[in-house]
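Top to bottom, those sequences are chains R and H.
Note that the numbering used here has the first sequence beginning at 156, numbered continuously upward.
Note that the numbering used here has the second sequence beginning at 10, numbered continuously upward.
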Amino acid sequence: MALWTFFGLREGKATTPWPRRGEADGQAGVLGMPRFAPEHCQEGCAACAEICPTGAIAPRADAPGGIAVDYGSCVVCQLCTAACPTGALSPSHDWAFGVRRREDLVWSETPAPEAEPAAGQRAFRRSLHIRHVDAGSCNGCESELQALNNPFYNLHRLGIFFTPSPRFADLLLVTGPVTHAMLGPLRATWEAMAEPRWVMAVGTCAVSGGIAGGGYACGNGLDGVLPVDLYLPGCPPNPAAIIVALLTFQGRLPQRVLGGRHAE
Amino acid sequence: MNGTEAATVPCAQMAEIARDLFAQGGRMQMVYAWHPEPEVTELLYFASPPEGGRFLLWRCRPEGDPPSLARIWPSLGWYEREIMDLFGLAFANHPEPNRLVLSEDIPPPFNGSAPARASRMADIPRPLPAIEAPEVQTLPFGPVRADVLESAEFTFFYIGEQIIHYHPHLFFKHRGMEARFAGLTPRLGTVWAERVSGVGSVAHALAYCQAIEAASSCQVPRRARALRVLLAELERVYNHLHYLGHLANTTTLKVGEAQGKLLEERAKQINARLTGSRFLRGLLAPGGLRCDLAPDGWLSPALEELRAETARYVDLLEHSDSHLDRLITTGVLSRNVALDQGATGPVQRASGIDRDLRRDHPYAAYADLPLVVPVRSEGDAYARSAIRAAEIDAAIAMMQRVLLLLEDGPVRADCTPAPGAEGLGWAESPRGTLFYAVHVGADGRLARVKIKSPSYSNWRVFPFTVHETNMMDYAINEASFGLTIAGCAR
């Protein structure tokens, strides 16, 4: 044991000071949601919509550029950025997509102002306990959620904890498209939580079904299953994106995305 | 099917073929069904040949109930049960004809016109033993478990510390992924393959792309094949580092856990810096890579640093008696059980079975690279962890070699399978043997994709190391197998 104590002392601190100080969020190079600039769209071009695997991009005559973009369905595959002839959809590092309202994920010329945290949410800004339920994910989201407690992100320092029992949880964090077999256990977990209780959909599967939604075994995410208080699309969302989303939920950071557009 | 040595036989002959294969030292890998024409069902049996060479395939069209081979090859038992669930086909004389992947009695999703098999066969979703002794307690655990874990339900029958019988129920997460491929263009299928098992994105996409390439008989350019090795080995490294950290967690070696997971994080950050994705997604495409990678100056020193830190970390683990005490002789898997039940990857190599697709059936650029395949014979949790630790070192050495020898050139060839083409692709994922079999329809789109994932194989094996052991070792033993549930349930 002494071996490990000396090892730990000599290694020093591995935790990033971000998000309190500095920019070291650990996501150098990570590609996020493609950025949409409809002013570059060509008349009648729908190359992006034709390649989009989940219908996140769809032709719509009355939308700017003739294209409607819903980041709630985006699986970050980057196929549209390669297909677009003009750069109207371009690769970006915009990954902090946690929002309170589902419509904030839909690209809009005239985004609505940020929604206020619901009554009582701010009371949890110093301490938040989370119960996670995997409702049929590919394990990508779990891999990033598990990373939150590695020494680099060290989620505990922000007063946010995962708890084994739904009885002690304030927030239910759900991943996956909600398979038919997980619907019952998911609802039972939510019902076991004491009020006030909130729900966060993590990953594009939980937001909209992603690539797995529908079919004989799956639903299409949490809408219509549980009331969702925070949506975080991504495939999977990286640990920093999850941290920003949790702090947004607590009212400790402003929401970065409005009308499908990421603040600079 | 391209990539295989194929024969068409009557289904009744399969039992004899299976026995001969066993006698010759070959190995059954999987069986699956599909509909070559509406109302026609065909079964495809895949096997590894006794010596190297092409994979063996037998096709048969059942008239009536085909014979179950699960008594000859126990490892086929789950495949047959899955076919019963999804195609409404019954196998005659199956030793455990219970539901496997579907939790409720719904019409077979691949064949809605077939009768639900509930009326034909025993239909208990969880075949638990009837134990009436009052001193035996039952512990159902899950599907929602402690901490951030994948959903699955485990049932323990136990007395005090002693586990008498253990049964995992692993298909709460069944998403019907194989069915989701149907109707996609071969190019788009890669997006789905990358999302079958998140921490196996590269291996799944690689096996899928190679199946499409086999179906199209196209040649992947040399540079793309080398870069595919780089991606596959990066995936192996971050997975194995996570494994070592998680294993240290189960033996309550907290600093050891933190260090393993920190190294995993560094590996994932290297992935992102190189490819834009921490899971190395969005690079592979049928015919090569979507775009070229520029692993210039920084990558080689970054890998060398990771290798040195990992070596130091593994050395510390090797000197932690409390850790080793919990691993040595825990969860012993004998060579026979590993063979019979179909263990794969580091799990089989820790039980003395020297198989690795990268060497035995080389793909990408593996044939041109020096490959070290660590093998041990103890079959315990320690052996399984030692195999993985050794594989990290070997993987980084191989990546350095790839970087050294990397030649300029194109990274993508045209690769469009003809209507009706079929192909088999495979990859040695961090968890073991992964196969993709693809059938292209008359419209050039995917008609059927079958995935044989390593966790499906190893979960089948795992309970054999749990029965008649004790509760204190369970979590350690489970961690030592390094399983995923998403890959198993698909």
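From the three backbone atoms N, C-alpha and C, an ideal C-beta is built for every residue, glycine too.
Residue i, DSSP secondary structure in three states
i       : result
M355(R) : strand
K182(H) : coil
T334(R) : strand
W468(H) : helix
P149(H) : strand
K461(H) : strand
C425(R) : Given a span of 156 to 419 for chain R in the structure shown, any question on residue 425(R) remains unanswerable.
G306(H) : coil
Y483(H) : helix
Y308(R) : coil
Q197(R) : coil
A507(H) : Residue 507(H) cannot be examined here, being either before or after the span of chain H that is shown, 10 to 499.
C69(H)  : strand
A101(H) : strand
E162(H) : strand
Selected residue, minimal CA-CA separation from residue i, among the options
i       : options                               : result
L298(H) : G265(H), G35(H), R321(H) and L215(H)  : L215(H)
D217(R) : P208(R), P272(R), G199(R) and G210(R) : G199(R)
P391(R) : L381(R), P332(R), I212(R) and A349(R) : P332(R)
R358(H) : D330(H), D389(H) and L158(H)          : D389(H)
Y322(H) : R245(H), S286(H), T339(H) and A257(H) : A257(H)
E269(R) : M337(R), L326(R), V254(R) and L283(R) : V254(R)
C227(H) : K270(H), S386(H), G296(H) and V200(H) : G296(H)
A376(H) : R234(H), N280(H) and L65(H)           : R234(H)
P439(H) : A142(H), L366(H), L262(H) and I362(H) : L366(H)
A395(H) : L308(H), A188(H), N345(H) and F490(H) : F490(H)
V205(H) : C293(R), L234(R) and I206(R)          : C293(R)
H195(R) : Y226(R), R176(R), P394(R) and G242(R) : G242(R)
P428(H) : R457(H), E72(H) and S160(H)           : R457(H)
R499(H) : Q33(H), R385(H), G97(H) and L111(H)   : L111(H)
Contact under 8 Å by Cβ, residue i with residue j
i       : j       : result
R286(R) : T170(R) : no
P426(H) : P230(H) : no
A179(R) : P189(R) : no
L325(H) : W159(R) : yes
T330(R) : V362(R) : no
E502(H) : I140(H) : Absent from the structure is residue 502(H), since the part of chain H shown begins at 10 and ends at 499.
V354(R) : D384(R) : yes
T236(R) : S228(R) : no
E203(H) : R287(H) : no
C373(R) : R68(H)  : no
E170(H) : N479(H) : yes
S466(H) : S210(H) : no
M408(H) : L253(H) : no
W201(H) : H448(H) : no
R86(H)  : P104(H) : Correcting the residue type first, residue 86(H) is Gly in the shown sequence and not Arg. Yes, these two residues count as a Cβ contact at 8 Å.
H174(H) : E162(H) : no
L492(H) : F473(H) : no
Anticipated Cβ contact below 8 Å, residue i with residue j, distance rounded
i       : j       : result
R469(H) : Q350(H) : 6 Å
Y483(H) : Y217(H) : Rounded, the Cβ-Cβ distance is 34 Å, inconsistent with contact.
Y391(H) : L336(H) : 4 Å
A302(R) : E274(H) : 6 Å
Residue i Cβ short of 7 Å to the ligand MG heavy atom set
i      : result
P58(H) : By its list of ligands, the structure shown contains no ligand whatsoever, and the ligand MG lies outside what it can speak to.
Pairwise C-alpha distance: residue j and residue i
i       : j       : result
I366(R) : I168(H) : 44 Å
P75(H)  : L402(R) : 58 Å
W82(H)  : F31(H)  : 8 Å
G415(R) : T13(H)  : 48 Å
R154(H) : F165(H) : 14 Å
V231(R) : Q219(H) : 23 Å
I222(R) : H370(H) : 46 Å
E431(H) : R108(H) : 29 Å
N375(R) : L387(R) : 15 Å
V49(H)  : V224(R) : 41 Å
M348(R) : A15(H)  : 56 Å
G177(R) : A488(H) : 36 Å
G295(R) : T147(H) : 32 Å
L312(H) : I405(H) : 7 Å
F100(H) : T209(R) : 37 Å
A422(H) : A223(H) : 13 Å
A398(H) : M481(H) : 24 Å
E89(H)  : G97(H)  : 11 Å
G34(H)  : L378(H) : 27 Å
Check your understanding: Name the residues in the segment 323–337 of chain R whose C-beta lies less than 8 Å from a C-beta of chain A; which are they?
Key -> Absent from the structure: chain A. Protein chains present are R and H.
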